[in-house]
Amino acid sequence: MPSWKEPSLAQVDPEIAKLIEDEQRLEARTIRLIPSENYASRAVIEASGSLLANKYSEGYARKRYYEGQQIVDAVEELAIARMKQLFSVEHVNVQPYSGSPANLAVYFAFCKPGDTIMGLGLPSGGHLTHGWSVSISGAYFKAVQYGVRESDQRIDMDQVRDLAKQHRPKLLWCGGSAYPRLLDFQAFRDIATEVGAILVADIAHIAGLIAGGVHPSPNLVADVITTTTHKTLRGPRGGMIMCKKEHAAAIDKAVFPGLQGGPHNHTTASIAVAAHEALQPSFKVYAQQVVDNSKALASALFERGYHVTTGGTDNHLALIDLSKQGVPGKVAAKALDRAGIVLNYNSVPFDKRKPFDPSGVRIGTPAITSRGMKEPEMARVAEWMHRVIAKTDDDKTIDAVRGEVEEFCKAFPAPGIPT
Ligand SMILES: *Cc1c(COP(=O)(O)O)cnc(C)c1O
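Residue numbers (our numbering): 2 to 420.
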C-alpha cells in the first residue's frame, strides 16, 4: 500500500479540521429529524472525497471533450448501470450538480421562457423549483400552482385536472418536499395525457423509499423523473434525471452543454457507491423501517395531543401543526435544537402565520433510522419533543432533555462518523 508523505488536513489546516470534527460530534450527539437529511456511509463519503474531483470530463462516457477519461468513463457507466437497475428505468443522467439544477435542466429540455408549467405550491408542500414565484422557475415561466384540500390537506386531483385543462401546461410536476402522503402517479399521468403535458415526477425526497420498494414508483408513467441523491437515497450531494429512451437525447443535451460544464466525477463515483448500497437487500429493510418509524413518531405525537396534518403519514415525514399548543413553529424548533433535537419550522397548509414564522414543524425519520433506531425509540423521541414544546423557555427542562438525548445517541452510532 502506498503511504502519504504529505501532511494531513489536520496538519495543514487545523481550523477546518476542527470544524469538521465539531460537525461530526454535533451529528453524532443529536437526534436529526430533518427529512431531507441523512447519514451517508463511510464508503459514500470516501468516494465523494476522492481525487476524481481533479478531472475535467465535459461530455458523456466515450464522447468526451478531454483526454485521460479511461477511468472516469468506467465510473460514470457503472453509476448509470446501477441506477438503471435500481429504478428500472431506460435512461439515467447522473451529472446534475444537485436537485435544483436537475429540475432546471428539465425546463431547458422541454420549455421556452414564458411557457406555462404547473406544480404543487410551496405552501402545500411543493418545492421552489416547481414554479414558486421567487425561483427562476416562477420568474421565467408562467407558473400555475395547485394545492391541497383544506378539509384533509391532501392533493386535490380534481383541482389539478381543472387547472391543467384551463391552462394547458407544457410541463406538469408532481412531488414535493413537505407532503406526507403517497403520490398518485397514475392520476397525474392521466391528466398530463389529457392536456398533452410532459409529466415530471420529482422524487428528491422519496427516492430511497421507491428504491426500497415502500413507495410506488413513477417509472412506468412519468416521462421524466428527477431526484437528489443525498436524501433518503443516502448518497452524496447530487442530482439525477431518469427518463424514457425517447427523451434521453433532449435531457442529456440540456444538462451538458445546456446548463453545466464538467461533471463532478467524485460525486458520480459516490453515487455509484450509494446505488450499490441501495441494491442490497438490507436497503429494503431500511426503507421499510423509515416508514414504520415515521408512522410511529407521528402517532406518538398525535397521542400527546398534537395535530398531525392529513391525520398521519405514508412516507418518511410528517408535518405537525402547533397552533393548538399555541407555540409558533420557530419557537419550538429553536428550543428543540437547544435540547439536541434538530428539525425545521415549516408552514402548514392554509397557515395563518408568515412563512418566516409559521405554525408548524416538519419531522422525518431517514437519518435516525440510518442509526438503527426503531419504534420504541420513536416513543422516546416524541416524549422528549413534548417535554420541550411544553416548556420552550425553561432552561432546566431543555438542559435535562439535552443530557438524556446525548446519552441515548451513544447507543446508536451513526454511519460515516468514526467513534
Ligand atoms: C430537495 C429538493 C430539491 C432540490 O434539491 P437541492 O439538491 O437542494 O437543489 C428539488 N425538489 C424537491 C422536491 C426537493 O425536495
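Beta carbons: idealized from backbone N, C-alpha and C, even for Gly.
Pair within 8 Å by beta-carbon distance, residue i and residue j
{"i": "residue 87", "j": "residue 280", "result": "yes"}
{"i": "residue 181", "j": "residue 370", "result": "no"}
{"i": "residue 234", "j": "residue 208", "result": "yes"}
{"i": "residue 186", "j": "residue 223", "result": "yes"}
{"i": "residue 275", "j": "residue 230", "result": "yes"}
{"i": "residue 116", "j": "residue 142", "result": "yes"}
{"i": "residue 30", "j": "residue 407", "result": "yes"}
{"i": "residue 326", "j": "residue 390", "result": "yes"}
{"i": "residue 129", "j": "residue 121", "result": "no"}
{"i": "residue 202", "j": "residue 176", "result": "yes"}
{"i": "residue 260", "j": "residue 144", "result": "no"}
{"i": "residue 37", "j": "residue 232", "result": "yes"}
{"i": "residue 263", "j": "residue 100", "result": "no"}
{"i": "residue 172", "j": "residue 109", "result": "no"}
{"i": "residue 1", "j": "residue 316", "result": "Residue 1 lies beyond the stretch modelled for the chain, which goes from 2 to 420, so this question has no answer here."}
{"i": "residue 373", "j": "residue 285", "result": "no"}
Nonlocal neighbours in the same chain, by C-beta distance under 6 Å from residue i, ignoring five residues either side
{"i": "residue 90", "result": "220, 243"}
{"i": "residue 364", "result": "34, 319, 344"}
{"i": "residue 60", "result": "66"}
{"i": "residue 162", "result": "192"}
{"i": "residue 218", "result": "211"}
{"i": "residue 228", "result": "204, 205, 208, 241"}
{"i": "residue 410", "result": "30"}
{"i": "residue 68", "result": "none"}
{"i": "residue 138", "result": "130, 132"}
{"i": "residue 164", "result": "145, 147"}
{"i": "residue 395", "result": "none"}
Same chain, Cβ closer than 7 Å to residue i, neighbours up to 5 away in sequence not counted
{"i": "residue 330", "result": "323, 346, 347, 359, 360, 361, 362"}
{"i": "residue 33", "result": "343, 368, 369"}
{"i": "residue 18", "result": "10, 11"}
{"i": "residue 76", "result": "53, 266, 269, 270, 273"}
{"i": "residue 393", "result": "328, 332, 333, 336"}
{"i": "residue 366", "result": "291, 294, 295, 298, 317"}
{"i": "residue 63", "result": "74"}
For residue i, the nearest candidate out of the options (CA to CA)
{"i": "residue 302", "options": "414, 416, 382", "result": "382"}
{"i": "residue 132", "options": "146, 198, 262, 126", "result": "146"}
{"i": "residue 154", "options": "165, 125, 208", "result": "125"}
{"i": "residue 304", "options": "172, 41, 384, 25", "result": "384"}
{"i": "residue 379", "options": "292, 227, 166, 39", "result": "292"}
{"i": "residue 156", "options": "95, 101, 179", "result": "179"}
{"i": "residue 96", "options": "238, 201, 387, 410", "result": "238"}
{"i": "residue 118", "options": "387, 316, 170", "result": "170"}
{"i": "residue 58", "options": "73, 81, 106", "result": "73"}
{"i": "residue 246", "options": "210, 93, 112, 102", "result": "93"}
{"i": "residue 216", "options": "263, 104, 314", "result": "314"}
{"i": "residue 307", "options": "138, 386, 104", "result": "386"}
{"i": "residue 190", "options": "225, 168, 214, 167", "result": "225"}
{"i": "residue 71", "options": "56, 395, 396", "result": "56"}
{"i": "residue 85", "options": "366, 249, 300", "result": "249"}
{"i": "residue 104", "options": "174, 166, 7", "result": "174"}
{"i": "residue 49", "options": "258, 312, 356, 236", "result": "236"}
Cβ-based neighbour list, residue i, same chain, cut-off 8 Å, excluding 5 preceding and 5 following
{"i": "residue 277", "result": "83"}
{"i": "residue 151", "result": "350, 351"}
{"i": "residue 28", "result": "40, 415, 418"}
{"i": "residue 25", "result": "418, 419"}
{"i": "residue 353", "result": "324, 360"}
### Message
With three or more beta-carbon pairs closer than 8 Å as the criterion, would you say the stretch 331-341 touches the stretch 392-406?
### Response
yes
### Task
Let me know the alpha helix (DSSP H) ranges lying completely inside the stretch 31-62, each 4 residues or longer, listed in chain order.
43-49
### Minimum length 4: unbroken alpha helix (DSSP H) runs contained in the stretch 172-241
186-196, 208-212
### Query
Taking the runs of the beta strand (DSSP E) that are 3 residues or longer, which of them lie wholly in the stretch 354-393?
When DSSP assignments are scanned along the stretch 354-393, the uninterrupted stretches of beta strand (DSSP E) that are 3 or more residues long and fall wholly within it turn out to be 361-365.
### Task
Ignoring anything shorter than 3 residues or poking outside the stretch 65-129, list the beta strand (DSSP E) runs there in chain order.
92-94, 117-121
### Task
Just list the alpha helix (DSSP H) runs in the stretch 262-342, keeping only unbroken ones of 4 residues or longer that don't cross its boundaries, in chain order.
Qualifying alpha helix (DSSP H) stretches, in chain order: 266-279, 282-304, 330-339.
### Task
Tell me, please, whether the stretch 194-210 touches the stretch 250-259 by the rule of three or more beta-carbon pairs shorter than 8 Å.
no
### Task
Mind the definition here: the stretch 404-419 touches the stretch 39-53 only if three or more C-beta pairs lie below 8 Å; say whether that holds.
Touching, per the Cβ criterion.
### Message
Extract the residue ranges of the alpha helix (DSSP H) inside the stretch 137-171, only unbroken runs of 4 or more that lie entirely within it.
### Response
137-140, 158-168
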